[in-house]
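In my numbering, the protein residues as written are 1 to 363. Here is the structure we will look at.
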Amino acid sequence: MGWSLTIGHIGGTAVRLHFTFLLFLVWVGLADYAAGGPAAAVDSVAFLILVFLCVTLHEFGHILTARRFGIHTPEVILSPIGGIANMERMPEQPMQELLVAIAGPVVNVVILALLMAGFGLGVSELTSLNFETATLVQRLAVVNATLVLFNLVPAFPMDGGRVLRALLAMAMGPAKATDVAARIGQGFAFLFVLLGLFYNPILMLVGIFIYFAAGSEQQASAFNRFASQLRVRDAMEPSPALLRGSDPLSRAVDLLLSTPQRDFPVIDDHGAAIGLLDREAMLIGLKTHGADADVARMMRESSPVPQDVALAEAFADMRSRGVKAEAVSDRGGRIVGILTVENIAEMMMVENARPDWRFARRN
1 MGWSLTIGHI GGTAVRLHFT FLLFLVWVGL ADYAAGGPAA AVDSVAFLIL
51 VFLCVTLHEF GHILTARRFG IHTPEVILSP IGGIANMERM PEQPMQELLV
101 AIAGPVVNVV ILALLMAGFG LGVSELTSLN FETATLVQRL AVVNATLVLF
151 NLVPAFPMDG GRVLRALLAM AMGPAKATDV AARIGQGFAF LFVLLGLFYN
201 PILMLVGIFI YFAAGSEQQA SAFNRFASQL RVRDAMEPSP ALLRGSDPLS
251 RAVDLLLSTP QRDFPVIDDH GAAIGLLDRE AMLIGLKTHG ADADVARMMR
301 ESSPVPQDVA LAEAFADMRS RGVKAEAVSD RGGRIVGILT VENIAEMMMV
351 ENARPDWRFA RRN
């Protein structure tokens, strides 16, 4: 994620701080310094750092459990509204998703139990606590209890929502379960926004995040449902116009204006793909190097997708590499098409308009 600072790596997972978290620390420190002096500022900043240490441990509860099921997590990002573990994928089996989802709150339960046992804190003491006058340990215990309760709210895609989806998936299948959980999650999102208007603005941010995240999960589920029976060859644009690395950019411009393509595979003298030139790079090259510059100077690396690969797998790979188009090859390595995010999106629009639509299969 942009605007984040990597502070370390744990077991192959990068731990990043979003810049808003740093701004939040500075803001709290300055506000408490102005109100109560250096001691108050140090106490507040130390408390926040410990809270986000607990949040980090919470996220690694998810991460380590997912790793047991072969799921890697490249990074975890800490922001003022919590942590986000960017897993490669969520478990496909409901029981595995249930275990991954519940692992985070379990970590906070363990932290809470250790604090209560180690410092002799009682339940009645914590429930009747005055947060303003409480010790740092008491406040930390209350925060962990709150994290457990809040994260178990069944607002998909929060932990409680993922637990709900996993349980629903056992009864009605993953697709229907995602739709139901997403609608419930968006209902909670509206509730959080409403509560945020009267109590805490951070709840508004959480509500907005949940609303869009639930919608994104719903779209991803719909895509996987529609793409599960399709191969790359079914979604590619066949017989694309090709360029050679030695071609001038002027030839690329001619193809851009005379074909519907916006991305052009670049091949060598033997027909093997060596790169891909997109419209943006083409225009930058025209402006900075001129029309006679070689295509090879402006192309990016390309990893052609075999036409028989599952569409969902190819799309996930393109997303992980941050590319919007990729060349498609046959078993002999010959370029036979181009797969674009735009074309996949158009197929999704057809699917949304007519769920019973049957896309033509290419041999």
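Even for Gly, the Cβ is constructed at its ideal location relative to N, Cα and C. Everything numeric in this text was worked out from a predicted model, so none of it was measured.
*Alpha-carbon to alpha-carbon, residue 341 and residue 364*: The displayed coordinates of the chain run from 1 to 363. Any statement about residue 364 would go beyond what the structure contains.
*Starting from residue 14 and walking both ways along the alpha helix (DSSP H), at which residues does that stretch end?*
For this step, residue 14 is matched to residue 14 along the sequence shown. Membership of residue 14 in any alpha helix (DSSP H) is not indicated; the residue belongs instead to the beta strand (DSSP E) covering 13-18.
_Alpha carbons only, please: which of 63, 111, 322 is nearest the one belonging to residue 140?_
To locate residue 140, count along the sequence shown from 1; it is residue 140. Ranking 63, 111, 322 by Cα distance to residue 140 puts 111 first.
*asked:* For the pair the region 241-252 and the region 210-226, tell me if three or more CB-CB distances fall below 8 Å.
replied: no
*Could you please give the first and the last residue of the uninterrupted alpha helix (DSSP H) stretch that includes residue 259?*
Taking the first residue of the sequence shown as position 1, residue 259 is located at position 259. In this chain, residue 259 is not harboured by any alpha helix (DSSP H), its DSSP state being neither H nor E.
*Enumerate in chain order the residues of its own chain whose CB-to-CB distance from residue 242 is below 8 Å, with the five nearest sequence positions on each side excluded.*
Walking along the sequence shown from the start, residue 242 turns up at place 242. Excluding positions up to five away in sequence, the list reads 264, 265, 266, 267, 335.
*Using the C-alpha atoms, what's the distance from residue 56 back to residue 167?*
What you label residue 167 is simply residue 167 of the sequence shown in a count that begins at 1. What you label residue 56 is simply residue 56 of the sequence shown in a count that begins at 1. Straight-line Cα distance between these residues: approximately 26 Å.
_Need the endpoints of the alpha helix (DSSP H) that residue 9 sits in, please._
Your numbering for residue 9 matches position 9 in the sequence shown. Residue 9 -> not in any alpha helix (DSSP H); beta strand (DSSP E) instead, spanning 4-10.
_Residue from 211, 64, 176, 124 whose Cα sits closest to the Cα of residue 190_ = Position 190 of the sequence shown, counted from the first residue, corresponds to residue 190. Nearest of 211, 64, 176, 124 to residue 190, Cα basis: 211.
*Following the continuous beta strand (DSSP E) through residue 339, name the residue where it begins and the one where it ends.*
If you number the sequence shown from 1, residue 339 lands on position 339. 335-340 is the span of the beta strand (DSSP E), which, as asked, contains residue 339.
*Buried or exposed by the 16-neighbour rule on C-beta atoms within 10 Å, applied to residue 7*: As a first step, residue 7 is located in the sequence shown; it is residue number 7 there, counting from the start. Exposed: under 16 other Cβ atoms inside 10 Å.
*Have a look at residue 283 and residue 202 and give me their C-alpha separation to the nearest angstrom.*
Along the sequence shown, read from residue 1 onward, the residue named residue 283 stands at position 283. Along the sequence shown, read from residue 1 onward, the residue named residue 202 stands at position 202. So the two alpha carbons sit approximately 42 Å from each other.
_Cβ-Cβ distance between residue 305 and residue 314 below 7 Å_ = Sequence index remark: in the sequence shown, residue 305 carries index 305 (1-based). Sequence index remark: in the sequence shown, residue 314 carries index 314 (1-based). In contact: residue 305 and residue 314 (Cβ atoms closer than 7 Å).
*asked:* Considering only DSSP beta bridges, list what residue 75 is partnered with.
replied: The residue labelled residue 75 in the question sits at position 75 within the sequence shown. Residue 75 is bridged to 14, 86.
_Local conformation of residue 329 per DSSP, three classes_ = Working through the sequence shown from its first residue, we reach residue 329 at position 329. Correct three-state label for residue 329: strand.
*asked:* Residues in the same chain with beta-carbon distance under 8 Å from residue 215, minus the five sequence neighbours each way, listed in chain order, please.
replied: The residue given as residue 215 occupies position 215 in the sequence shown. The answer, listed in chain order, is 182, 186.
*asked:* Just to confirm before moving on: does the CB-CB distance between residue 21 and residue 80 stay below 7 Å?
replied: Mapped onto the sequence shown, residue 21 falls at position 21. Mapped onto the sequence shown, residue 80 falls at position 80. Yes, they are a contact pair.
_Under DSSP, the beta strand (DSSP E) around residue 81 begins and ends at which residues?_
Within the sequence shown, the letter at position 81 stands for residue 81. Neither: residue 81 is in no beta strand (DSSP E) and is coded neither H nor E.
*asked:* Distance check for residue 232 and residue 303, CA to CA, integer angstroms please.
replied: Reading the sequence shown from its first residue, position 303 is the one you call residue 303. Reading the sequence shown from its first residue, position 232 is the one you call residue 232. Looking at the backbone, the Cα of residue 303 and that of residue 232 are separated by about 14 Å.
*Nearest to residue 280 (by Cα), restricted to the options 261, 272, 273, 270*: Residue numbering aside, residue 280 sits at position 280 when the sequence shown is read from its first letter. Cα-wise, what sits closest to residue 280 is 261.
*asked:* Going by the DSSP bridge assignment, what does residue 278 pair with across the sheet?
replied: Looking up residue 278 in the sequence shown gives position 278. Answer is 263, bridged to residue 278.
*Short Cβ contact (7 Å threshold) for residue 61 with residue 103*: Taking the first residue of the sequence shown as 1, we reach residue 61 at position 61. Taking the first residue of the sequence shown as 1, we reach residue 103 at position 103. Taking 7 Å as the Cβ cut-off, residue 61 and residue 103 qualify as a contacting pair.
*Would you kindly check if the distance between the Cβ of residue 119 and the Cβ of residue 107 is under 7 Å?*
Here residue 107 corresponds to residue number 107 of the sequence shown, with the count starting at 1. Here residue 119 corresponds to residue number 119 of the sequence shown, with the count starting at 1. Not closer than 7 Å, so no.
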